[in-house]
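Residue numbers (our numbering): 8 to 139.
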């Protein structure tokens, strides 16, 4: 089934899977969702992310991370830039997510990165989401 907003779909699937304590979630793979998944894995919000080759489209499997009390590593997700309203920010206006506790995901000309990395590299871009 085609999805109009694959990033919003990805964040919603993660949110829903964590609410019922699923160990993993599968979603259609794309370059963008794979880049976001690897960013979340690098920042410690996901346990693992791998691509499974299937026909007609590859599947991205995300292994969710929980602590010893079965609380999810991701406590909140918020989609900022949507297909109907794109939000672009310059380097000096990149917001911090949840007072600096979380991360902001920014799509720049140098790839998808956290807001802090974009600020350090001196590039702005599309503010995609907040994760905390």
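C-beta atoms are modelled at their ideal positions from N, C-alpha and C, and glycine is treated no differently.
In this text, all values refer to a predicted model and were calculated from it rather than measured experimentally.
Own chain, CB closer than 7 Å to residue i, minus 5 neighbours either side, in chain order
i	result
residue 41	58, 67
residue 88	94, 133, 134, 135
residue 108	139
Beta-carbon contacts of residue i that lie in its chain and below 6 Å, excluding the five residues immediately before and after
i	result
residue 17	34, 40
Closest by C-alpha distance to residue i, when choosing among the options
i	options	result
residue 76	99, 91, 28	28
residue 74	90, 103, 30	30
residue 36	23, 10, 54, 52	10
Beta-bridge pairing of residue i - partner residues as DSSP gives them
i	result
residue 35	66
residue 138	84, 110
Rounded straight-line distance, which links the Cα of residue j to that of residue i
i	j	result
residue 12	residue 43	14 Å
residue 70	residue 91	30 Å
Neighbourhood of residue i by C-beta distance below 8 Å, restricted to the same chain and skipping five residues each side
i	result
residue 98	125, 126, 129, 130, 131
ask   = What runs of the beta strand (DSSP E), each 3 residues or longer, lie entirely inside the segment 45-129?
value = As far as the segment 45-129 is concerned, its whole beta strand (DSSP E) runs of at least 3 residues are 53-59, 66-71, 84-86, 110-115, 118-121.
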